[in-house]
Structure formats: C-alpha cells, structure tokens
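With the numbering used here as the guide, the letters of the sequence shown map in order to residues 10 to 518.
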Amino acid sequence: MFDRNRVYLFDTTLRDGEQSPGVSLNVEEKLEIAQQLELLGVDIIEAGFPVASPGDFKAVQAIAQKVRGPVIAALTRSIPADIDRTWEAIKGAETPRIHVFLASSDIHLKYKLKMSREQMLQQAAAMVKYAKRYCEQVEFSAEDASRTEVGFLAQVTTAVIDAGATVVNLPDTVGYGLPEEFGQFIAEVMRRVPNMDKAIISTHCHNDLGMAVANSLAAVGGGARQLECAVNGIGERAGNASLEEIAMALYTRQGYYGLNTNIRYHEIARSSRLVSTLTGMPVQPNKAIVGANAFLHESGIHQDGVLKERSTYEIMNAELIGLSQKNLVLGKHSGRHAFNERLLELGFKLNDEDLSKAFASFKELADRKKEVNDGDIEALIKDQVWAVPERYSLQYLHTSSGTSVISTATVVLTIDGMQFQNASTGAGPVEAACHAVDRITDIYGKLVQYKLNAVGSGKDALGEVLSQVSIGGRIYNGRGLSTNIIEASVRSYLNAINKYYYEKQRAKE
Ligand code: KIV
Ligand code: ZN
C-alpha cells in the first residue's frame, strides 16, 4: 500500500496550523488553502477536527467533497461518538482517512486522562478497530509519544497495527526531542514492533526548541516514512515542522536521503503567501526557504561570488520554489498587460473583473508612489483577497494628536448608502478613531493585536496594518492598506468589523 522508498507529506496547516494562537479561518478560506495544497502535491491533507465546532465540521465536509487527489484526513478523539461524527464529515472524500489520537506518556495518562497504561492500550486498539468499520485508512497518533517509555510505545504500536491502523504517528507533541536521540527512538520502536511491515511510521514534531524540522528528518533516518508538517511552520505554540523546509531539505540533500516526495516545488512560494495572507500570520524575513531574505545577498563578497557563479553562495534556486528572480519596477505608465504579466509571474491568476479592480488600484497607487514594486503589488492583491462585502466603508477621517493635546478623531462612514459621522477621543489617534467607528456601527470591538508593516521601499512606502479584533468573544483578522498609517489602521479595524457583520449575516441566511 505504501512505497517505502519515498516520504509521504501529511499537511496539517488546516488543523494544527489553525490552532496557532489568533488564527481562525472560515470555510471558504480553508477550501482555498486545501485547493492550493492539492496543487502543491501534498499526499495527505488534514482538513480539520470536525468535532471541535460546526464550522470545522462544515469545512472538513466541503474539502472532502471538493478536493481530489490527496487523501483527506480528519482528527478525532478516541471516542465512538466522535469517530462517527468524523466519518460523517469525511465520507465524501475520494480517499478518506480517520485520524484517531490518544495520549500514551505517563504524564498524560496520570494527570490528563487518569488512565492506566493497560486501559490506554485497550482503548487505542478498540478505537482503531471501531474507525476501521468506516474506512481502509486509519491513522493512530500516540500523543506525547516522544515522552513515552519506548517498550510501552512499541506495545501500543503493535496493538493498533493489529487492530488495523495503516499509519502510526509518534508525535513530539511538546517539542522536547533532540534530533539524534529522536531518530534513534523511532528506530528502536520500529525494531520492537513485530508487525511493522503492515503499516508505516509517521512523526509530527513541534518546534518548541526550534528542532521540529531537524527531528522530522532524523525520524526519516530512523525509518519514518510519513512526516506531518504545516506551511510556514504554523501550529500550536511555536508551531509545527515547516513543510517547505522538509521538502527542500529532502530535495537539496537527495544524495544523502535518497528519498523523494510528491511536492511540486514551484508551488511552494505561492502556498506560503496564501497561508500567510489568509491566516494573517506574516512570515519572518529570515525564515528558511520562504522568508523575504532567503535568497537575497547583502555582502559585497557574496554578491560578487553569486554573479560569478551562483553556486558559490546559493544551494537552492529561487525560481524552483516559484519565486521570480526579477523584481521589476512598474510605474504609472505601465499598462494593463505588463501589470498582468507581473501578476502571473508572482503567482496571481485573476479573472477579468478582479484584474480590472487590481489594475485600477495599481494606477491609483502609481499616482501617489513613483515606483511600484513586487511588494506593493502583492499588498494590493492581498487587499482584494481580504475583501469582504463592505457594509461599513470609510468616507472621511480627520485626526489630531501630539505630545500635549488629547487625541481626537472625526470619522464619517457610509452604511447602506447613507453617511454617518461621529467624533471621539482616545489615548492616541488610532484609539480615538476606533472609538468613533464603534459608536457609528454600534459594534464594540477590542483591538487585541496590531502590527504595522512597511510594504515596498522608500518614504512613500505603503503602510499595511494587520489587526486582530475581538468581537462577541471571537477574533476577526483585519487588514488595511494606505500610505497614511492612521488611515491604514482604521481600514484594518473596519475590515474586521465587516467580516464580523458578514459572518453574522451568513449565519442568519
Ligand atoms: O501534537 C500532537 O501530538 C498532535 C496530535 C493530535 C497528532 O497534534
Ligand atoms: Zn500537534
């Protein structure tokens, strides 16, 4: 069933990745990411945790019904009713997989589950058997495996394989492992399991000590053939092993590992961008493979070397992962055709209507900014991606602030074609303006996170504000773009409020 001469990549961006603090994706956003993961060539998409919420259930169901190619997995606790519900969510998939988990370490058994080892062993095997009534592919995860006594873990692995598990995942749940030790640990478990020929071993490493990718690769050395990972390495706490780093390490060091993946490398940059845009989690500039600096050379000696022979300082080719080497500057005289060419090179394929909108925004920006570069263009497109129907739109903003005056703001919004205005004070101009927005909309949000990025270069760079606004106990991500940072802040806040309103409307419908 499995080819042991390659590594299966199990993407958990939509499940563990969505557990990143502050990230919350709606059904359409999850479907869009799943479709991109299909293009990227991942073997398994973990679409979600259907029992976690009705929204999760719907997203998993939509992905199972619409995405073809990869196996569609969904996570479930080891409880019959949860397994039944999980099956309901994924049964429309071309190749469904039920992913059952139960913790195996003494710490989890004693304090969390209040179970003996014997009880855990029996429940794990029984629940795999239960899931097996529904589908051929059943994965079992022994949560906190890296802190489980090796003999007991081997017993659990043997029992769940006997019960029908096709994949046994041994996660480093708390990111405690060290590469050498973890690789040997995996090899030792496998050595002690007599029925190892009937399943493959997987791992799922967290990045608490910054070792998630190293531990995953060490596990491959120990015999694991499935790696669980997430685009941009997002996930609980410090995140999961990064998909793009694993894929590129296996590719670049093919001579060492001798194992392939199914990844279509040129989709890496686009996948990273999409996940960052939709989750609102920026990629750190020095992040391996997909960070903005990953292929830039600053030192003169390095630049000289690369110009003479690329391989002097580059071990990978930026074009391979879908990054364009060109960073052409467009200006106000550039036409729609050149603009579209650039979009295509950057990985954005827009329909005619979206292209017209994007081109109009580009022209507006080019009037204000002499040179429009790739960063600016990406920001414009993201603006469209983040767009929701705008019930509340900003018409006018005036703020005054300084060292010895109370910050005040006057805001005019259009709501259903009518204009409303209000004024307020605050600790600063952004707070004053947000208070005025609250009063007009009668929606009282709390700004829980605020990030300002300069997009593009120069003093006239665009300001991009990414905000997280808590409304009615839920977090909504907002994004605003303007050459004026106060305006970008208000637009970001309003974007979150519009998302809240839009979601409420859809729930009513
Ligand atoms: O970190 C972990 O152990 C998990 C499991 C549920 C696979 O996410
Ligand atoms: Zn995890």
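Yeah, the Cβ is synthetic: ideal placement off N, Cα and C, and Gly gets one too.
Which residues DSSP lists as bridging residue i, in chain order
i	result
Tyr105	Strictly speaking, residue 105 in this sequence is Pro, with Tyr absent from that position. DSSP, once it has assigned bridges, lists Ile81 as partnering Pro105.
Met427	Ile424
Cys144	None; Cys144 has no bridge partner.
Ser402	Thr423
Val464	Leu471
Leu18	Leu236
Gln164	None, per the DSSP bridge assignment.
Lys455	Ser479
Phe149	Val109, Val177
Tyr485	Val478
Ser416	Gly435
Arg86	Phe110
Thr408	Ala418
Ser308	None; Ser308 has no bridge partner.
Leu490	Glu473
Residue of the options minimising C-alpha distance to residue i
i	options	result
Ala196	Gly184, Thr212, Thr182	Thr212
Val32	Glu496, Arg483, Val60	Arg483
Gly64	Lys75, Leu40, His342, Gln45	Leu40
Gln45	Ile72, His311, Asn35	Ile72
Val176	Val137, Ser87, Glu189, Glu190	Val137
Ile272	Ile54, Glu440, Thr492, Met10	Ile54
Pro59	Val51, Gln28, Glu97, Gly340	Glu97
Val16	Tyr510, Gly50, Thr412, Gly78	Gly50
Met325	Ser409, Glu354, Arg262	Arg262
Asp206	Arg13, Leu490, Tyr139	Arg13
Asn35	Lys517, Tyr485, Asn504	Tyr485
Glu387	Gly472, Lys460, His108	Gly472
Leu538	Lys100, Phe11, Asn349, Ala418	One cannot answer for residue 538 here, as it falls past the ends of the chain, which runs 10 to 518.
Asp376	Ser343, Gly219, Arg400	Ser343
Ala227	Gly242, Ile210, Val240, Ala239	Ile210
Ser365	Gly384, Gln393, Ile88, Glu518	Gln393
Ala208	Glu190, Thr166, Ala247	Thr166
His346	Leu406, Glu47, Ala43, Phe368	Phe368
Asp153	Thr104, Leu179, Val169, Met129	Leu179
Ser413	Ile506, Lys508, Gly437, Asn493	Gly437
Ile88	Leu122, Lys67, Val76, Arg77	Leu122
Phe357	Glu373, Leu332, Leu374, Glu380	Leu332
Gly248	Tyr511, Thr22, Ala497	Thr22
Gly267	Met290, Tyr274, Thr288, Gly230	Gly230
Asp20	His311, Arg200, Ser280	Ser280
Ile99	Lys75, Leu355, Lys119	Lys75
Ala168	Gly57, Glu318, Gln235, Ser113	Ser113
Asp451	Ile480, Arg106, Ile415	Ile480
Tyr510	Glu496, Val397, Arg500	Val397
Arg400	Asn507, Ile449, Arg448	Asn507
Gly78	Asp93, Pro30, Gly101	Gly101
Ala133	Gln514, His108, Asp383, Glu145	His108
Val381	Val464, Met290, Glu318	Val464
Ile170	Ser370, Pro188, Gln146	Gln146
Ser29	Met290, Phe304, Gly309	Met290
Gly340	Glu328, Glu373, Asp217	Glu373
Thr104	Phe66, Glu518, Asp52, Gly411	Asp52
Inter-residue CB distance, residue i and residue j (contact presumed, cutoff 8 Å)
i	j	result
Gly184	His215	4 Å
Phe110	Ser150	4 Å
Lys391	Arg488	7 Å
Ala250	Gly242	7 Å
Val198	Leu162	5 Å
Ala418	Ser402	Their Cβ separation, rounded to whole angstroms, is 17 Å, which puts Ala418 and Ser402 out of contact at 8 Å.
Glu148	Ala43	With 8 Å as the limit, Glu148 and Ala43 do not qualify as a contact, their Cβ atoms being about 18 Å apart.
Ala172	Leu18	Actually they are not in contact, since the Cβ atoms of Ala172 and Leu18 sit about 25 Å apart, beyond 8 Å.
Glu276	Leu48	5 Å
Gly435	His444	5 Å
Gly264	Asn224	Going by Cβ atoms, the distance from Gly264 to Asn224 rounds to 21 Å, so no, they are not a contact pair.
Leu503	Val446	6 Å
Ser476	Ala505	6 Å
Ile495	Leu406	7 Å
Cβ of residue i within 7 Å of any chain C Cβ
i	result
Ser413	Reference to chain C is not applicable here, since this structure consists of a single protein chain.
Item to complete: List in chain order: all unbroken beta strand (DSSP E) runs of 3+ residues lying wholly within the stretch 208–292.
Response: Those beta strand (DSSP E) runs which fall completely within the stretch 208–292 and span 3+ residues are 209–213, 235–238.
Item to complete: Write down every uninterrupted run of the alpha helix (DSSP H) in the stretch 318–381 whose length is 4 residues or greater and which is fully enclosed by it, in chain order.
Response: Listed in chain order, they are 345–355, 361–377.
Worksheet entry | Minimum length 3: unbroken beta strand (DSSP E) runs contained in the stretch 18–80 | DSSP runs (the beta strand (DSSP E)) wholly in the stretch 18–80: 53–57.
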